[in-house]
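Chemist: My questions all concern the structure below.
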DNA sequence: TCTAAAATGCAACTCTGTTGCAATAGTGCG
DNA sequence: CGCACTATTGCAACAGAGTTGCATTTTAGA
């Protein structure tokens, strides 16, 4: 049982701060640009993985296939990520609509473990 | 107004047939494997683009970011793609649940142009 | 049959993400 | 405080997906 104890590092702290401060989900390239030369490209990937693993952030795949990350905000209780994401086709921002939870009916034969609802269009700023 | 007239080619026919015959959505790599040496890797990309452009197939981004394609079946009327996709975590199949259409309520300030609902878990075969 | 343009093949390239390994730096303990 | 253990980082090299330019082939229509 070798339990790994996470360490506090500059990169981890900075990246988590950036995500927590951002109103929209950020792509790896956004983060890379924002941290400047603080750490390596690979480190960012690894930090994002660790933060996601730890449940501090969640990973979102946009409709166009780009991967983004957002800090978990209202996930404290139960930690479900079945809320809706909105992807703006103009400014390419991806935002979490934490309080929009869609409903659907599925045959019993399917076991749902995760959901991903993404709406695409124009956000309030770009409409 | 130079209208491009589409041509019927071996690659296009074959790829469309494959997609029409498949119960699940196929990735580029699946198709590449299935067509054998019939055509180049790049040609597959271009044919898929053209078929999607023509509305014969639609492009789906899976929850893990992989891109897949499926023939349009029930899209004849209105041609909306707001049905649900199911992604199996075990066999990695991606299937369209054409008759499952979720409902949700969104603030008026958002303009929705496209939707992408993907559920992930275990399909009837793998459950 | 002939021709314009659509489609293909090939090579080279970009972008995103991963992996192995040596070097660096937190963290707990004495 | 100083040490040891190991999580974390940087670097380089690699893998996979997708794109682009260009010369060549092929289709469809006249």
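Protein chains in written order, with our numbering: chain A, 3 to 129; chain B, 3 to 129. For each residue, glycine too, the CB sits at the ideal point set by N, CA and C. Quantities reported herein were computed from a predicted structural model and do not represent experimental measurements.
#1: To the nearest angstrom, report how far apart residue 79 of chain A and residue 121 of chain B are at their CA atoms.
#2: Tell me the rounded alpha-carbon separation between residue 96 of chain A and residue 20 of chain B.
#3: Which bits of chain B does residue 106 of chain A rub up against, with CB to CB less than 7 Å?
#4: Which residues in chain B sit within 8 Å of residue 122 of chain A, going by Cβ to Cβ distance?
#5: Under a Cβ-count criterion, where at least 16 other Cβ atoms within 10 Å of its own Cβ denotes burial, should residue 115 of chain A be classed as buried or exposed?
#6: Which of the three DSSP states, helix, strand or coil, is assigned to residue 40 of chain A?
#7: Whose Cβ in chain A lies nearer than 8 Å to the Cβ of residue 57 of chain B?
#8: What is the rounded straight-line gap between the Cα of residue 124 of chain A and the Cα of residue 93 of chain A?
#9: Tell me the residue span of the alpha helix (DSSP H) that contains residue 20 of chain A.
#10: List the residues of chain A that residue 125 of chain B touches, going by C-beta distances under 7 Å, in chain order.
#11: Hey, out of A/109, A/106 and A/89, whose CA is closest to residue 27 of chain A's CA?
#12: Report yes or no: do three or more beta-carbon pairs, one from the segment 101-109 of chain B and one from the segment 33-50 of chain B, lie closer than 8 Å?
#13: On a CA-only basis, which of B/60, B/11, B/110 and B/127 is nearest residue 113 of chain A? Give me that one, please.
#14: Taking the beta carbon of residue 35 of chain B as the centre, do at least 16 other beta carbons fall within 10 Å, making it buried, or is it exposed?
#15: Is residue 41 of chain B near residue 22 of chain B, with beta carbons less than 7 Å apart?
#16: Is the Cβ of residue 69 of chain B closer than 7 Å to any Cβ of chain A?
#17: In angstroms with no decimal places, state the Cα-to-Cα distance between residue 62 of chain A and residue 62 of chain B.
#18: Pull up the CB-CB distance for residue 85 of chain B and residue 108 of chain B, whole angstroms please, since I reckon it's below 8 Å.
Modeler: So, from the listed chains and residues:
#1: The predicted model places residue 79 of chain A with a pLDDT of 47, which falls under 50 and marks its position as unreliable, so this point remains unresolved.
#2: 34 Å
#3: 86, 102 and 104
#4: 114, 115, 116, 117 and 118
#5: exposed
#6: coil
#7: Here the premise fails: no neighbours, minimum Cβ distance about 18 Å.
#8: 8 Å
#9: 12-23
#10: 112
#11: A/89
#12: no
#13: B/127
#14: exposed
#15: no
#16: yes
#17: 15 Å
#18: Rounded, the Cβ-Cβ distance is 18 Å, inconsistent with contact.
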